[in-house]
Amino acid sequence: MKAVAKASPPAVATASAKKAASRGKPRAALAAAALVAILATACSAREPAGPVTELRGPDDVASATDGDAIDEPLMIALAQAKNFHRKADVYLQDGQVELAMTAVENVLAVKFPDESPEAQDVKLDARARLAKLYLARGELQAASDMVTQGLAVATRESFFVANLHTVHGEVLEARAAAAQEEAQARELRRQAIEALDRSIQINQQLQRELIEAGR
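Residues in the sequence shown are numbered consecutively from 5, following our numbering.
Next up, the structure:
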């Protein structure tokens with residue numbers, strides 16, 4: 005089975021963790037690090053033999069923060085998301101795409117603590133993965149709907165929103181290739197470029213903010 009590509013763990017998220025730590029916010033830094041761990045695990049669908057970053061356990065977190073650990077409900081939610089992505093990885097290795105998609109869909113139902121920013125990030129990431137799985141199956145409308153739903157619930161700009169715009173561009177490119185009329189294909193390619201440009205703009209803005217915060 006052809007491997008399904010997925011975004012690599014973002015440098016932006018890693019930099020955010022470092023920035024939070026430098027400001028004396030170990031809990032936020034570790035939450036960001038745990039989120040990066042989940043994304044690294046999800047990426048193993050593309051590289052099943054590659055290294056997998058492990059999610060820190062309660063003992064590791066407590067030791068690293070001198071008792072100021074991430075709230076247990078958040079750690080549980082992050083661990084659940086990681087496990088569902090791991091199940092999807094295993095199913096994909098066996099060619100069981102339907103079961104893999106069901107596993108990723110379960111990430112969307114994971115309950116996070118109220119107002120947890122990690123909730124939005126994890127679920128946007130899951131939607132991006134689902135959209136790419138639909139795209140790999142040739143289900144272009146379902147892929148487009150998954151991206152649209154994700155963008156509709158995003159409340160702030162982030163790497164994960166940028167990644168959804170990237171996936172949107174990929175979907176539009178595929179729709180252009182399948183279009184019957186050249187005029188329609190040209191318009192879809194224009195929209196694909198627009199979606200990719202939006203992703204670039206968001207990431208550029210995030211980079212500028214990180215640079216400014218580091219001064």
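No residue lacks a Cβ here, since even glycine has one placed at the ideal position from N, Cα and C.
*asked:* Does Glu122 pass the burial test, meaning 16 or more other C-beta atoms within 10 Å, or should it be called exposed?
replied: Counting from 1 along the sequence shown, the entry for residue 122 is found at position 118. The residue in question, Glu122, is buried, as its Cβ has 16 or more Cβ neighbours within 10 Å.
*For Ile197, which residues from the same chain have a beta carbon less than 8 Å from its beta carbon, with the 5 sequence-adjacent residues on both sides left out?*
For the purposes of this step, residue 197 is identified with residue 193 of the sequence shown, where counting begins at 1. Once the five neighbours on either side are set aside, the close Cβ partners of Ile197 are Gly173.
*What is the DSSP secondary structure of Gly218, reduced to helix, strand or coil?*
What you label residue 218 is simply residue 214 of the sequence shown in a count that begins at 1. Under the three-state reduction of DSSP output, Gly218 falls in the coil class, being neither helix nor strand.
*asked:* Assuming contact is defined by CB atoms lying nearer than 8 Å, are Val165 and Leu139 in contact in what I supplied?
replied: Residue mapping note: residue 165 aligns to position 161 of the sequence shown, counting from 1. Residue mapping note: residue 139 aligns to position 135 of the sequence shown, counting from 1. No. Outside cutoff.
*Compare the C-alpha of Ala130 against each of Gln209, Leu82, Ala181 and name the closest.*
Translated into positions along the sequence shown, residue 130 becomes position 126. Per the Cα distances, Leu82.
*Considering Gly154, what are the terminal residues of the alpha helix (DSSP H) in which it resides?*
For the purposes of this step, residue 154 is taken as the residue at position 150 of the sequence shown. Segment 144 to 157, the alpha helix (DSSP H) holding Gly154.
*With distances taken between CB atoms, is the gap from Val114 to Gln153 smaller than 8 Å?*
In the sequence shown, the residue the question calls residue 114 occupies position 110. In the sequence shown, the residue the question calls residue 153 occupies position 149. Not in contact: Val114 and Gln153 (Cβ atoms no closer than 8 Å).
*From what residue to what residue does the alpha helix (DSSP H) around Leu78 run?*
Here the question's residue 78 lines up with position 74 in the sequence shown. Residues 76 to 97.
*Span separating the alpha-carbon of Glu58 from that of His89*: Walking along the sequence shown from the start, residue 58 turns up at place 54. Walking along the sequence shown from the start, residue 89 turns up at place 85. At Glu58, the pLDDT of 41 sits below 50, so the modelled position is not reliable and the matter cannot be decided from this model.
*Beta-carbon proximity of Ala104 to Leu137, cut-off 8 Å*: As a working mapping, residue 104 is identified with position 100 in the sequence shown. As a working mapping, residue 137 is identified with position 133 in the sequence shown. Their beta carbons are under 8 Å apart, which means Ala104 touches Leu137 by this criterion.
*Which residue's Cα is closest to the Cα of Thr170: Ile206, Ile215, Glu76?*
The count along the sequence shown starts at 1 and reaches residue 170 at position 166. Residue Ile206 is the option with its Cα nearest to Thr170.
_Suppose the cutoff is 8 Å on Cβ atoms and the five residues either side in sequence are ignored; what does the same chain contact list for Val108 look like?_
Your numbering for residue 108 matches position 104 in the sequence shown. Answer for Val108: Phe88, His89, Ala92, Ala130, Arg133, Leu134, Leu137, listed in chain order.
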